[in-house]
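All remarks here apply to the structure that follows.
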Amino acid sequence: MRSAVYSIIAALLAYQFYALGPLIQRAVTVLGVFRSYPAGDIGTTQQVTSIPDTTHCEDLHHHVPSGLLFTACEDDPSTRFQWFPPLGNLDNPKLAAESRGSIHVIDPKGLESRRLKFENFDGAFITHGIDVIDDPELPTGQAVYIFAINHLPDPTPTAEGEEAKARSQIELFHHKIGTNTIRHIRSVWHPLIRTPNDVYATSPTSVYATNDHYYTGHSIMRMLEDVYYGAKWTDTVHIKLDSLSPVKTSDAGLSASVALAGVHNNNGLGHGRTEDEILIAQAASGTLHIAQLPPKGSSNYNITILDTLEVDSVVDNPSYFKDPLATGPSDDRSGFLLPGISKAATLAETSKDPAGKDPVKVFYTKPSAGVKAQQWETRVIFEDDSSRIRSASAAVLISLGKSKARLFVTGFVSANVIALDADL
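0 is the number of the first residue of the sequence shown in numbering that gives the first Met the number 0; add one for each residue after it.
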């Protein structure tokens, strides 16, 4: 009888290993558990330029009509390691309440950064993901609306010994291209905005936001979320503003709904090849979802996943590079950029260490030419052992001519945005 029970237990364990084995192997690869550096010659000969005054800028967007880059930077290098809810850093809410990051405009030719001066905005600003869209009321390229995540500490008092909490929200700004100011329109908060990571705007009154975790702070369950790919507990929510008129509170004049549920470690968002294509990164899964928004005028805001790509490292904010010189499929260098840290297994140790190391990879992937069915060619376009840039959470390409482009990379704990020339 006992042997029969043992046999059943052994069979169950064998089945569990069979079922979970591929997931475990995939997690070990993506998180870089056994990855070591130097990893080879990739990127070691590329000359890198660091752009001054771009400290801890998590996201980066190329506004094609103006030719400028936009980013939100923490500016103070000490803040991230004491308060950054996406990494579970909740040690110093007092510092967070007094911290004030900023929106920067980067000239991709002169490689200079310019901080914009806030108007009508006096509070703390703990930066993360952003999105930039044209002002539809003005000619293209004259002004933009910018949505930006702001990880404020929860003002509700906590009991002694209790971990601090965040009350993150979204800020909406307006900026006229060429000026040195940025005007705050309103703050946006809703109970569905729990652990926001990135935003994707479809208009000045319509925005999607990802929640990257179900659990907050440092806990076993939060760690489980990252490493167990079956923990599909995060979502993307849609927020609709009634208007752009002033409001008394951040939760006034809006509605929200879940647009995509059941996603593992939902993270960065990016604009795709068409107006209705949205790129969604599952960070710890090393996965990019290519998805579709509902048609304009639809009664819902649901997102539909159409295709999925996987790489062997963590991925963060995806972006799409459209080749302006392409004449047809045979010479089209258009593709997706997938940046991320390549040794995420040590992030729990390095996330609070100003001297820590967070190696990076940036993948470049494009459709295979001459293939009828959708297939992808993926390669590492930049890799670093953390000596030239620490962490990579966003990357964009700007064309320099046929098969040449300038690559910009930034990270949530990078000292500077970097620029380098890349072959496509």
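Every residue, glycine too, gets a C-beta built ideally from N, C-alpha and C. Since the model is a prediction, treat every value here as computed from it, not as a measurement.
What would DSSP say about residue i, mapped onto helix, strand or coil?
i, result
"I388", "coil"
"L59", "strand"
"Q281", "strand"
"R185", "strand"
"E382", "strand"
"L151", "coil"
"K93", "helix"
"Y14", "Residue placement at Y14 is poorly supported in this model, since its pLDDT is 46, which falls under 50; the coordinates still yield a value, given next. If DSSP states are grouped into helix, strand and coil, Y14 belongs with the helices."
"L22", "helix"
"D32", "According to the sequence shown, residue 32 is Val rather than Asp. Of the three classes helix, strand and coil, the one that applies to V32 here is coil, per DSSP."
"V27", "helix"
"A165", "strand"
"L191", "coil"
"E274", "coil"
"T178", "coil"
"D106", "strand"
"V246", "coil"
Would you mind sorting residue i into buried or exposed? The rule is 16 or more other CB atoms within 10 Å of its CB.
i, result
"E376", "exposed"
"Q24", "exposed"
"A354", "exposed"
"P76", "exposed"
"R378", "exposed"
"R113", "exposed"
"A372", "Unreliable placement is indicated for A372, whose pLDDT of 49 sits below 50; no coordinate value is reported for it."
"V32", "exposed"
"T201", "buried"
"F407", "buried"
"T53", "buried"
"T326", "exposed"
"P203", "buried"
"S386", "exposed"
"V63", "exposed"
"P85", "buried"
"K295", "exposed"
"N88", "buried"
"P323", "exposed"
"I181", "buried"
"A158", "exposed"
"T126", "buried"
"K360", "buried"
"L305", "exposed"
"K247", "exposed"
"N196", "buried"
On the DSSP bridge list, what partners appear for residue i?
i, result
"T204", "T204 pairs with nothing; no bridge assigned."
"L419", "L406"
"N88", "F83"
"W375", "P366"
"S101", "C72"
"V361", "P338 and F381"
"V198", "A208"
"E159", "Answer is none; E159 lacks a bridge partner."
"L67", "H62"
Starting from residue i, follow the alpha helix (DSSP H) in both directions and report where the run begins and ends.
i, result
"G226", "Strictly speaking, residue 226 in this sequence is Val, with Gly absent from that position. That run of the alpha helix (DSSP H) goes I219 to V226."
Over the uninterrupted beta strand (DSSP E) stretch that includes residue i, give me the two end residues.
i, result
"E170", "Q168 to K175"
"N266", "N265 to H270"
"H237", "T233 to L240"
"V262", "L253 to V262"
"G400", "A393 to G400"
"I50", "T48 to I50"
Is the beta carbon of residue i within less than 7 Å of some heavy atom of the ligand MN?
i, result
"F124", "Within the structure as shown, the ligand MN is missing, as the structure has no ligands at all."
Inside the segment 110-147 only - beta strand (DSSP E) runs reaching at least 3 residues: 111-114, 116-118 and 126-133
Whole runs of the beta strand (DSSP E) within the segment 284-351, excluding any shorter than 3 residues: 286-291, 303-309, 318-320 and 334-340
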